[in-house]
Amino acid sequence: MNQKYQIVLKTFQKGGIHPPENKLTAAKQTEVLPLPVSVAIPVSQHIGAPATVIVNKGDSVKTGQVIAGSKGFVSVNIHSSVSGKVNKIDSIVDTTGYKQTAVFIDVEGDEWVDSVDRSDDIITDIKLSSEEIISRCQESGIVGLGGATFPSHVKLSVPSGKRCDLLIINGVECEPYLTADHRLMLEKGKEILVGISILMKALKIKRAQVGIENNKTDAIVHLKKLAASFEGIEICPLRVKYPQGAEKQLIKALTGREVPSGRLPIDVNVVVHNAGTAFAVYEAVQKNKPLIERVVTITGKTLANPGNYLVRIGTPVSLLIEKAGGLPDDTGKIISGGPMMGKALINTDIPVVKGMSGIILFPSSESDRMPSQPCIRCAKCVSVCPLGLEPYLLMLLAQKGLFEKAEEERITDCMECGSCSYTCPAGRPLLDYIRLGKSTVIKMARERVVK
Amino acid sequence: MSSTVIITVVSLSLIALICAVILYFIAQKFKVYEDPRIDQVEALLPGANCGGCGFAGCRNFAEAIVNAKEIEELNCPVGGASVILKIAEVLGKEAPVSEPKVAVLLCNGSPEHRPHTSKYTGVKDCRIAHNLYMGETDCSYGCMGLGDCVNACAFDAMYMNEETGLPVVIDDKCVACGACVKACPRNLLELRKKAKKDRKIYVACSNCDKGGPARRACKVACIGCGKCVKVCQFDAITLKNNLAYIDSFKCTFCRKCVSECPTGSILEINFPPRKPKVESRAETVSV
Amino acid sequence: MSTLFNISLSPHSHSQETTKKLMFGVVIALLPALFTSIFYFGYGALIVTSVSVISCLVFEYLIQRFLLKKPVSVTDGSALVTGLLLAFNVPSNLPVHIIIIGSLVSIGIAKMTFGGLGNNPFNPALVGRVFMLISFPVQMTSWPVPAGFNTGYTDAVTGATPLAIVKEGLKNGEPLSDLITQIPTPSQMFLGNMGGSLGEIAAIALLIGFVYLLMRKIITWHIPVSIIATIGIFTTILWLANPAKNADPMFHILAGGVLLGAVFMATDYVTSPMNPKAQIIYGIGIGILTVVIRVWGAYPEGVSFAILIMNAFVPLMNRYIKPGRFGEEVKNG
């Protein structure tokens, strides 16, 4: 690695932290996880209206078949990730922490729908038109695989009055422990680049930049070599800093443009997609393969065999943990996602969903929060906030119920990256209260509009 | 007396006089007319500024009630009916009648009934935990035991029972101001009619899941079987979303629903122990 | 399943920084100044420092345990830092009873009455120092001449500080050129061979502490640099305007409590502003007030008062000076 290079690399200026990377599985080749005995596929795996179930108990389904239809514009289809019989339509606890409706399927073999091209060859010729690409994304259930799960076709449909001049691909993976995107870029680099070209065609633009943090030099080198044969795709290494994967910070780092408060990237003429999403778009458009599986990192310091696996949607997390060597005796917490923004899971029956990029197991010594002490007004939280907010003040306002003042202090700008709580030397639960304040302020604002 | 002292006294007195005159004129110019009855009413109110009436403090309530055409909707839960009576006298209006109420927790999910399936280590705040996940048990409707209601009570009428993990309402101190009801993110607290001897009959459950999952999560959950609805002769019980609800103003305390309930979800509080069943059947037969 | 997993909101990991580590980091940064004080003032320094530290810790314990009946937090290191800083602000021959009174005021009045750590608007060590200065002006302004372990404690030979010499001299009409010969040279002031309070004499020790604090990321450069730069610029202007009546900027920066104040007192977390923009304005304010008090005020040294006055403005600054937001709001149509 070039040390000199590091100083010249781009990054965002305001705030940010450097948590230990712990990329234990960076060198582990992605393996295919064997099929489970049964799957539970939630109907709400994306932002927007949950899909409506179109199968019934007892129906036989094939891999890739639509089992729940999109409801409205901001919604996508949900497909069966396995072939077998629908056991029931019931509720199961998922990553939201609450029970959600899911389609339970007993797995029988692995029969795919005929429309899917299962061959391995990489198809670089893009035959579909822009409009066809966008509708194919919705039909194939493509959502943001970075974790946000926003329906991709919505992002690709640039509203009238706005224009897009740049596509940014997020290959940053700034969260510690996670390596799914890293492995995907190394192993499916060409497919990702074709996917990027497809996205560029859908947006009708000629320029794309792929942001990759400098702790993945092998991926940077590999993609740079491949990108030479693609028009308009630039691979940009970035300095390692959390939360660079947040789209506002990524846009600022790569282009210097700041998305205004309360607005979207399209307001600075940019569209951002995750590298994994680009791969899923490639499969959807070139192979007619819907989103039914994804790469998930299973990791943790106490695991015997951490790794990266290609998992079918709906597989219980317990299967992943088993493949990684079994649940260690000393497990205090199981996280879906990264340690900074991920969700703690209550059991291992929870199914793998589209937005699940990794599962991390923490030993009990790392599972407890430090006790909360009084605020010493060190202002470290202010210095690390990437959005220039004042977390100590937002927490105080939320605690005291001063929600109008919190709204003035732009509490709704907060992206819940967790940098403030991570840094606070007094162990104060800043993000807990800020989140409470945010949800109250958003509710208040909505009620104001209704009136 | 030296000349310094005289000069000081005179000059300061002059300054004071001038200031007093200026202040008098300013006070007159910016005077706001206030109904003198507002002060009278405010003096009658308890002065706790608890917000139980729905207004921002006792003065605010006094203004509202003086300016209101009808005073029926306005109630001071702390002062109660006696204060409203006195206020009505001052205003020369009819005193409204209101029923006394008490706060009741519609959940009986202690750890012996409702086993824990996770351990919550975050901030001890019910709203935060509720936003995060369903709670330490499999019942996503039940009490999380973190005490937002206890903290909201301004009358020391609630405390958290450490063993059951549920809040307890002290009936004598509860003034039914409704602060705890607003504080609970799961709407588990309700103001029910305050009966004599503090007796209560209510469905101690708010679980809207179907019978199977509800019962699996908690042994004393309401499974929505509807037996209580059928047995009630006073139309006091309704069933909605797999959950039964007893209207405290229609209930006559006959206790038939309590014996009918298969899971023990309906609780009877402050009643004498029943006579054994065999005897009562014999009595009915002989009559 | 026998194990219940822990559930809480993200983030699920935490940096290694704690309040205790930050406070002890400050203590380490103060060690060079402690060593120079003992080197120059001998037993007096040891006695004053230990009495101050012990009194502060004891008073905090007693007040928290018996008066407030709250959990005791003496081990978090903040009382230790206050004790050290209080000691560094006084002469090495200060009688024990005065130090104890000063500690009681620092901890009891300036810190505990406001609600303990994190709630005080004024710097506790400075409040204690100013209280002692106003209540015991004679003892607080008799500065022992440094003579290592021969300095003595109760019987120390005293002399004036460089600032006092210059101020008194100028008042009496003596020209600056005469006064320069009576005060230590810049290099002497840098190394600490001059009269003054325990902590303020050796610039080099304080600068080592400053560098350590910056490296450990305990403080940022904004406050110390803005204070020193403002004093430098203001005194340069005065000196250029009238070299006969105003000392040069180097003198002003090295003499008195500027370095101690800029690096350790003004950067106190609790009483300083919460974002860099406000911090620079705070530093500029302290710089201007220090020079004003030194040149036109009654006291030879103005840093303590300047910091306390600016402390009073900090809540106002926090309220109206906000950090630069990301993505300014768009006035839209």
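Residue numbers (numbering that gives the first Met the number 0), protein chains in the order written: chain A, 0 to 450; chain B, 0 to 286; chain C, 0 to 332. The beta-carbon is built from N, C-alpha and C at its ideal position, and this holds for glycine as well.
Buried or exposed by the 16-neighbour rule on C-beta atoms within 10 Å, applied to residue i
i: asparagine 1/A; result: Note on asparagine 1/A: pLDDT 46, under 50, position unreliable in the model; no value is reported.
i: histidine 96/C; result: exposed
i: threonine 18/C; result: buried
i: threonine 7/B; result: exposed
i: valine 440/A; result: buried
i: methionine 188/C; result: buried
i: serine 2/B; result: exposed
i: phenylalanine 25/B; result: This sequence places isoleucine at residue 25/B; phenylalanine is not what is there. Exposed: under 16 other Cβ atoms inside 10 Å.
i: methionine 214/C; result: exposed
i: methionine 0/C; result: Caution applies to methionine 0/C, whose pLDDT of 46 falls short of 50 and renders its modelled position unreliable; the value that the coordinates give is listed next. By the 10 Å Cβ count, methionine 0/C comes out exposed.
i: glutamate 327/C; result: exposed
i: leucine 237/C; result: buried
i: glutamate 278/B; result: Low confidence applies to glutamate 278/B: its pLDDT is 49, below 50, so where it sits in the model is not reliable, and the reading given next is rough at best. Flag for glutamate 278/B reads exposed.
i: isoleucine 333/A; result: buried
i: tyrosine 281/A; result: buried
i: methionine 199/A; result: buried
i: isoleucine 27/C; result: exposed
Residue i vs residue j beta-carbon contact at 8 Å
i: lysine 85/B; j: isoleucine 70/B; result: no
i: glutamate 199/C; j: glycine 117/C; result: no
i: lysine 215/A; j: phenylalanine 11/A; result: no
i: serine 260/A; j: arginine 445/A; result: no
i: valine 449/A; j: cysteine 419/A; result: no
i: alanine 175/B; j: proline 76/B; result: yes
i: isoleucine 91/A; j: glycine 68/A; result: no
i: glycine 63/A; j: proline 289/A; result: yes
i: histidine 181/A; j: alanine 226/A; result: no
i: asparagine 307/A; j: threonine 24/A; result: yes
Partners in chain C for residue i, counting only beta-carbon separations shorter than 9 Å
i: histidine 129/B; result: Residues of chain C passing the Cβ test: none, with the nearest at roughly 12 Å.
i: phenylalanine 424/A; result: First, the amino acid is wrong: residue 424/A is proline here, not phenylalanine. Within 9 Å Cβ-Cβ: Ser14, Glu16, Thr17, Thr18, Lys19, Lys20, Leu21.
Residue span of the alpha helix (DSSP H) that contains residue i, given as start and end
i: cysteine 227/B; result: 226-230
i: leucine 238/B; result: Segment 236-239 is the beta strand (DSSP E) holding leucine 238/B; no alpha helix (DSSP H) there.
i: serine 303/C; result: 302-319
i: asparagine 55/A; result: Here asparagine 55/A belongs to no alpha helix (DSSP H), and DSSP marks it neither H nor E.
i: proline 185/C; result: 185-190
i: valine 287/B; result: With chain B covering 0 to 286 only, the question about residue 287/B has no answer from this structure.
i: isoleucine 345/A; result: No alpha helix (DSSP H) contains isoleucine 345/A, which DSSP labels as neither H nor E.
i: proline 31/C; result: 18-40
Chain-ordered chain C contacts of residue i [CB-CB under 8 Å]
i: serine 117/B; result: Leu3, Phe4, Asn5, Ile6
i: glycine 121/B; result: Ile6, Ser7, Leu8
i: tyrosine 421/A; result: Pro10, Ser12, His13, Ser14
First and last residue of the uninterrupted beta strand (DSSP E) at residue i
i: threonine 100/A; result: 98-106
i: asparagine 273/A; result: 269-273
i: isoleucine 359/A; result: 357-361
i: leucine 290/A; result: No beta strand (DSSP E) contains leucine 290/A, which DSSP labels as neither H nor E.
i: isoleucine 264/C; result: What sits at residue 264/C in the sequence shown is methionine, not isoleucine. That residue, methionine 264/C, is in no beta strand (DSSP E); it is neither H nor E in DSSP.
i: glycine 306/A; result: 306-311
i: lysine 199/B; result: 199-202
Closer than 7 Å at the beta carbon, the chain C residues around residue i
i: glutamate 257/A; result: Phe325, Gly326
Partners in chain A for residue i, counting only beta-carbon separations shorter than 7 Å
i: proline 322/C; result: Val381, Gly387, Glu389
i: leucine 116/C; result: Pro373, Ile375
8 Å Cβ cut-off: residues of chain B touching residue i
i: aspartate 367/A; result: Thr120
Contacts that residue i makes with chain A (C-beta to C-beta distance below 8 Å)
i: arginine 126/B; result: Leu435
Proximity test, residue i beta-carbon vs the ligand SAH heavy atom, cut-off 7 Å
i: isoleucine 200/B; result: With respect to small molecules bound, the structure shown includes none, and the ligand SAH cannot be examined in it.
Contact list for residue i against chain B, beta-carbon separation under 9 Å
i: serine 438/A; result: Arg126, Asn130
Any residues in the region 262-278 of chain C with a beta carbon nearer than 7 Å to a beta carbon of chain A? Which ones, in chain order?
Tyr268, Val269, Met273, Asn274
Residues in the region 130-153 of chain B with C-beta within 7 Å of chain C's C-beta atoms, listed in sequence order?
Leu131, Tyr132
At a Cβ cut of 9 Å, what residues of the region 89-101 of chain A count as close to chain B, listed as they run along the chain?
Asp89, Ser90, Val92, Thr95, Gly96, Tyr97, Lys98
In chain order, what residues of the region 82-113 of chain B put their CB closer than 8 Å to some CB of chain A?
none
Relative to chain C, which residues along the region 336-351 of chain A have a C-beta separation below 9 Å, given in chain order?
Gly336, Gly337, Pro338, Met339, Met340, Gly341, Lys342, Ala343, Leu344, Ile345, Asn346, Thr347
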